[in-house]
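To start, the structure under review is shown below, and the notes come after it.
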Amino acid sequence: MKSVLTIQSHVAYGYVGNRAAVFPLQRLGIDATAVNTVQFSNHTGYGAWTGQVFTAEHIADIVDGIAARGVLPAQDAVLSGYMGAVELGQVIVETAARVKGANPNAIYCCDPVMGDVGRGFFVRPGLPEFIRDHAVPAADLMTPNQFELEYLTDRKVETLDDALGATAALRARGPRLVLVTSLTRSDADPDSIEMLADGADGSWLVSTPRLTFDPPPNGSGDAVAALFLAHYLTAFDPADALEKAAAAIFAIFETTKRMGTRELQLIAAQDDFVNPPRRFTATRIR
């Protein structure tokens, strides 16, 4: 059984951050140890929420407590998402190094949560720069959305060639594999949405139908990062992980749309994201 230390936000109501990552990991057979960087009543997309961002000292203390149980060498990966503050980001990057020191085969998967198309940045000042300058070089696997990919590489992504150029530029700074969790380009079917996995050994593209939501559910990037990581850890096959993650998130989206809610329906869709009723083939493009 694989184990993942996931360090992300937490909400009491809804499914973003660890609430969108832990259950999919566990349902796919991964032993997930969760450290929460914040505790909010709900995700910030509602416009109003309560709760607080935890201090860096608090997170470091929790990690020390976990380490005291002797579990760091058993972690196969560290997954990070919303960091909350630069100081928290520093603790997260240090924790990833600590886990990799205890288990040289462990990988650090960084979901660089900082913004999205149409919303712009939604994190505290300084965090985008910290992620760019410190998290990227430390990561083995990065899972940006298109907006985040453009920021991290200072490149505009409008075509497939643009996307491949950007992912190659990102890999040149540290990560050996990049998953673009949502790709919309001018040279693709406008009724589809894509994900792109790009590594030194090849690049793969998968396309799924575009489902419309008003408003769109939050947390899909968090869920995709967890789904991809869970499948990647089983065989370290990017194409296989891409196909399975795409099928899983599409199944979750279909259930969410059918139920007419703005929260990802992870519980209702659990059987379908484990054994998706619809499959999508990843095409090798490099």
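In this text, residue positions in the sequence shown follow my numbering: the first is 3, and each later residue adds one. C-beta atoms are modelled at their ideal positions from N, C-alpha and C, and glycine is treated no differently.
{"Query": "Straight-line Cα distance separating PHE252 from ALA29", "Result": "In the sequence under discussion, the amino acid at residue 29 is Arg, which differs from the Ala named in the question. For ARG29 and PHE252, the distance between alpha carbons rounds to 17 Å."}
{"Query": "Whole-Å CB distance - TYR110 paired with SER11, under 8 Å assumed", "Result": "With a Cβ gap of about 18 Å, TYR110 and SER11 do not count as contacting."}
{"Query": "Three-state secondary structure (DSSP) of ARG128", "Result": "Note that residue 128 is Gly in the sequence shown, not Arg. In this structure, GLY128 counts as coil in the three-state DSSP scheme."}
{"Query": "Nearest-angstrom beta carbon gap, ALA104 and LEU74 [assumed within contact, 8 Å]", "Result": "4 Å"}
{"Query": "Whole-angstrom distance between VAL159 and GLU152, CA atom to CA atom", "Result": "6 Å"}
{"Query": "Residues near ALA227 by beta carbon distance below 6 Å, same chain, minus five either side", "Result": "ASP113 and THR145"}
{"Query": "Residue range of the alpha helix (DSSP H) that includes THR35", "Result": "Careful: THR35 lies outside any alpha helix (DSSP H), inside the beta strand (DSSP E) at 33-42."}
{"Query": "Identified DSSP bridge partners for TRP206", "Result": "ALA199 and ARG286"}
{"Query": "Cα-Cα separation between GLY2 and VAL125, rounded to whole angstroms", "Result": "No statement about residue 2 is possible, as the shown extent of the chain runs from 3 to 288 and does not include it."}
{"Query": "Neighbourhood of PHE25 by C-beta, 6 Å cutoff - its chain only, sequence neighbours within 5 removed", "Result": "LEU268"}
{"Query": "Extent of the continuous alpha helix (DSSP H) to which ILE9 belongs", "Result": "Premise fails: ILE9 lies in the beta strand (DSSP E), 5-13, not in any alpha helix (DSSP H)."}
{"Query": "Enclosing alpha helix (DSSP H) for GLY223 [first to last residue]", "Result": "222-237"}
{"Query": "CB contact flag (THR18, ASP224, <8 Å)", "Result": "What sits at residue 18 in the sequence shown is Val, not Thr. Yes, the pair counts as a contact, with Cβ atoms nearer than the cut-off."}
{"Query": "Continuous beta strand (DSSP E) stretch holding LEU81: start and end", "Result": "79-82"}
{"Query": "Own chain partners of ALA307 with C-beta closer than 7 Å, once the 5 adjacent residues on each side are dropped", "Result": "Given that the chain is displayed from residue 3 to residue 288, the structure contains no residue 307 and the question cannot be resolved."}
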